[in-house]
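Counting with full-length UniProt numbering, you get residues 1 to 143 for the letters of the sequence shown.
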Amino acid sequence: CLDDVRLEGKHLPLPPAMNGTQWGQATMARNLDRGCSSNKPCANVICPEPFECVDLWNDYECTCGEGRIMSADSKDCTDKDECIDLPCLNGGTCINLEPNLRYRCNCPDGFWGENCELIQEGQTLKLSMGALAAILVCLLIIL
């Protein structure tokens, strides 16, 4: 049973719900079941502050949680700078936010999405008048 695949903290695709992410692509999936239940190992665990219990499928770990990393002395948690991984694509600018918000991408014109991975509809190739004239002349010569 499989529900969440990560490599170095990045979500990897898990068919049939998702076949690809910016971090990877699933090319084959066999004998996978979704929605299996765990024995809820965090139900009777109290982690010391500031840590929280994370269910690791019939096991648990006290960690800093999403958007935070453990300090060098393993006694505290600090904000993780998700922008270090350069998540914003197509020239987007990454802004690191508070731990529970992670990061935000400011996308350049023509792109949108959580990581600026999507092209806005209606965007066309914009060529100068000179470039259009050169293409037209080449086409006329070929014909």
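All residues carry an ideal CB built from backbone N, CA and C; glycine is no exception.
According to DSSP, simplified to helix, strand and coil, what is residue i?
i: aspartate 73; result: coil
i: aspartate 81; result: coil
i: cysteine 53; result: strand
i: cysteine 62; result: strand
To the nearest angstrom, report how far apart residue i and residue j are at their CA atoms.
i: threonine 93; j: cysteine 105; result: 5 Å
i: arginine 30; j: cysteine 36; result: 16 Å
i: isoleucine 46; j: leucine 86; result: 35 Å
i: arginine 102; j: leucine 132; result: 44 Å
i: alanine 72; j: threonine 78; result: 10 Å
i: tryptophan 112; j: asparagine 100; result: 22 Å
i: leucine 136; j: proline 108; result: 30 Å
i: cysteine 62; j: glycine 122; result: 48 Å
i: serine 38; j: asparagine 58; result: 6 Å
i: leucine 56; j: isoleucine 69; result: 17 Å
i: phenylalanine 51; j: aspartate 76; result: 8 Å
Is residue j closer than 8 Å to residue i when the C-beta atoms are compared?
i: leucine 97; j: asparagine 115; result: no
i: glycine 110; j: glutamine 120; result: yes
i: proline 48; j: tyrosine 60; result: no
Count the other C-beta atoms from every protein chain shown that fall within 10 angstroms of the C-beta of residue i, then say buried if there are 16 or more, exposed otherwise.
i: cysteine 64; result: buried
i: glutamate 82; result: buried
i: lysine 80; result: buried
Those runs of the beta strand (DSSP E) which lie wholly inside the region 91-128 and span at least 3 residues: When DSSP assignments are scanned along the region 91-128, the uninterrupted stretches of beta strand (DSSP E) that are 3 or more residues long and fall wholly within it turn out to be 93-96, 103-106.
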